[in-house]
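Data first, discussion second: the structure below is written as structure tokens.
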Amino acid sequence: MGMTQLQQLTGPVLRPGDPGYDAECRTQNLLTPLRPAIAVGAADVADVQAAVRYAAENKLPVAVRGGGHMQPYAAEGAVLVTLDRMAGVTVDAGRRTARVTGGARWQEVIDAAAKEGLAPMAGSSVTVGAIGYVLGGGQGPILARSYGYASDHVTSFDIVTADGVLRTVSGDDELFAALRGGKGNFGVVTAMEIELFPVTTVFAGSIYFPGSATAEVLRTWRDWAATLPVQATTSVAVQRLPPVEELPPPLRGAHVLSVRFAHLGTAEAGEALLAPMRAAAPALIDTVAEVPYKVAATLHNDPVDAMPYLDRSLGLSGLPGAALDKLIELTGPGTPIPLTSVEIRALGGAMDRPPATTDSVPSRGLPFQLFAFAVGADDLDGGHRRLERLMTAMLPWSDPKRRRMPNFLSTEEALDPQALSEVYGRELYERLRAVKRRYDPDTMFRMNHTIR
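Here the sequence shown stands for residues 1 to 452, numbered as in the UniProt record's numbering.
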């Protein structure tokens, strides 16, 4: 297939300098610009197949940008396939399932499901692409401890593999197992079917404490989180918020500690569970209340606009007193590491249960996940140093198996096969390599989470 045939696709085919090229190649993280040789704005599955076959015939790598801020980490010299035009959601209320196509974001899935009194296992950002999130396992802020990882509740994927063939995989298929946690290594996923849950309201929200209360609130949170039932999910984040009018006055430009909480149950039960946290220190703002699921899904208030940022993560085997002391030293008032956010997610519950069929999520059994990011392009070296100092300081309490969620890997780690092999562990990584060799023997899909 030549360029002339490629330009006959339904969606746009763009090269550097073409009108619309820059917009087609946009990214959520402005520090990882995408400059592919060709950008294909796929309008349907046939466009995806043609783009993959063109890449194969011309020995070019393929990068995929899904909906929202699910993006590849590189695209230099590649064929970039964008899926925004393929966004769609169809809900089957009787079966409690939804068919979600390539570019759909969680907000679109949430809205469609809510009309039927149902809810998906969405992530902390409603603007993130649903499929890309699930390919990394998916660790949600509301339903995770009750129901597990989002990938546990996928019933099938439609995927265009490196040979340009559209395949539907499910059940015990080795490719289906690899896709649930193995990220975008095996092709372009054009659709998935997921399970939905009969959840309409949630007792959820955030309590914002002043940064001066970091020590007592963190210690209370650690002890309190260990007592929660599986119906409750929580995380805590030390944040340095921007001085913008969109925030209420007590939070503008403030150093705060935010405790996020979601409970599937009555407001009365939720109030009783939350009481110890509310008593930890005087709060600046307390938003926890019974709200519709679609409102609760925004409780993290993740950024929507594109911005330059750096991020790092670490799986933690526990939070003993010494670990909390170090974290308080590095994130409390007047600390030398002014990172935008340092978050700890309490895992466990249904996330520890084995999946119904084999999958590739490497972080089951991990009690805590540490995630930090720094926003801004003015001091990139400083941002790198601060993140590295934090992660190095917390290494003594890291998971000895080096387990982490694939969705939380930095750009450098995702593109490093050695780092990925540590995250997945030898046995799982070798299984993923075998599937990679079968479906992508020439490693066409190597622009994110590269398994070789």
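Note that CB positions come from ideal geometry on N, CA and C, so glycine has one too.
Every value quoted in this text rests on a predicted model; they were computed, and no experiment measured them.
Check: Cβ atoms of Ala42 and Arg48: under 9 angstroms apart, would you say?; Outcome: It should be noted that the sequence gives Val, not Arg, for residue 48. For Val48 and Ala42, yes; Cβs fall inside 9 angstroms.
Check: Which one of Asp152, Thr97, Val79, Arg403 has the shortest CA to CA distance from Glu422?; Outcome: Arg403
Check: Less than 9 angstroms separating the beta-carbons of Pro120 and Ala150?; Outcome: yes
Check: Following the continuous beta strand (DSSP E) through Gln73, name the residue where it begins and the one where it ends.; Outcome: The displayed chain sequence assigns Tyr, not Gln, to residue 73. Careful: Tyr73 lies outside any beta strand (DSSP E) and carries neither H nor E.
Check: Let me check understanding here. Comparing Cα to Cα, which of Val288, Gly66, Val236, Leu60 lies closest to residue 512?; Outcome: An answer regarding residue 512 cannot be provided, because it is not within the stretch 1 to 452 covered by the chain.
Check: Tell me, which residues are paired with Tyr309 by DSSP?; Outcome: Val375
Check: Please say whether Ala393 and Leu330 have beta carbons closer to each other than 9 angstroms?; Outcome: yes
Check: Less than 9 angstroms separating the beta-carbons of Ser363 and Gly17?; Outcome: no
Check: Can you give the Cα-Cα distance for Thr298 and Pro320, rounded to whole angstroms?; Outcome: 30 angstroms
Check: Let me know if Gly94 comes out buried or exposed under the rule of 16 or more other beta-carbons within 10 Å of its beta-carbon.; Outcome: exposed
Check: Could you give the residue range of the beta strand (DSSP E) that holds Val91?; Outcome: 89-92
Check: With H, G and I counted as helix, E and B as strand and the rest as coil, what does DSSP make of His300?; Outcome: coil
Check: Just the C-alpha distance for Ala419 and Glu413, rounded to the nearest angstrom, thanks.; Outcome: 6 angstroms
Check: Classify Val304 as buried or exposed, calling it buried when 16 or more other Cβ atoms lie within 10 Å of its own Cβ.; Outcome: exposed
Check: For Gly20, count the other beta carbons within 10 Å of its own beta carbon; 16 or more makes it buried, fewer makes it exposed. Which is it?; Outcome: exposed
Check: With 16 as the cutoff for other CB atoms within 10 Å, does Gln239 come out buried or exposed?; Outcome: buried
Check: Tell me whether residue 453 sits in a helix, a strand or coil according to DSSP, three-state version.; Outcome: Coverage of the chain is limited to positions 1 through 452, which leaves residue 453 absent and any answer about it impossible.
Check: Would you kindly report the start and end of the unbroken beta strand (DSSP E) that includes Ala112?; Outcome: Segment 106-114 is the alpha helix (DSSP H) holding Ala112; no beta strand (DSSP E) there.
Check: Please return the same chain residues whose Cβ sits closer than 6 angstroms to the Cβ of Phe203, not counting the five positions on each side in sequence.; Outcome: His263, Ala267, Gly270, Glu290
Check: Among Arg65, Leu327, Arg219, Ser341, which has the Cα closest to the Cα of Pro396?; Outcome: Leu327
Check: Can you find at least 3 beta carbon pairs, one from the segment 196-214 and one from the segment 251-259, that sit closer than 8 angstroms?; Outcome: yes
Check: For Lys401, which of Asp416, Leu366, Pro229, Ala434 has the nearest alpha-carbon?; Outcome: Leu366
Check: On the criterion of 16 or more Cβ atoms from any shown chain inside 10 Å, does Leu380 qualify as buried, or is it exposed?; Outcome: exposed
Check: For Gly187, which residues of its own chain have a beta-carbon under 6 angstroms away from its beta-carbon, when the five flanking residues on both sides are left out?; Outcome: Ile159, Val160, Thr161
Check: Helix, strand or coil, according to DSSP, for Arg260 in the structure here?; Outcome: strand
Check: Taking just the CA atoms, how far does Leu409 sit from Asn448?; Outcome: 10 angstroms
Check: Just checking my contact of Ala350 with Gly148 at CB under 8 angstroms: how many whole Å lie between their CB atoms?; Outcome: 4 angstroms
Check: What does the Cβ neighbour count give for Ser3, buried or exposed, with the cut at 16 atoms within 10 Å?; Outcome: Before going on, a small fix: residue 3 reads as Met here, not Ser. By the neighbour-count rule (16 or more Cβ atoms within 10 Å), Met3 is not buried but exposed.
Check: So for Phe157, helix, strand or coil by DSSP?; Outcome: strand
Check: Should Glu246 be labelled buried (16 or more other beta-carbon atoms within 10 Å of its own) or exposed?; Outcome: exposed
Check: Suppose the cutoff is 6 angstroms on Cβ atoms and the five residues either side in sequence are ignored; what does the same chain contact list for Tyr133 look like?; Outcome: Gly123
Check: Taking the straight line between their C-alpha atoms, what separation do you get for Val40 and Arg222?; Outcome: 47 angstroms
Check: Does DSSP put Asp22 in a helix, a strand or coil?; Outcome: helix
Check: What's the gap between the Cα of Tyr73 and the Cα of Ala279?; Outcome: 43 angstroms
Check: Quick one: Cα of Leu273 to Cα of Gly348, how far?; Outcome: 17 angstroms
Check: Closest by CA to Ala112, which one among Arg105, Ser125, Ala104, Val91?; Outcome: Val91
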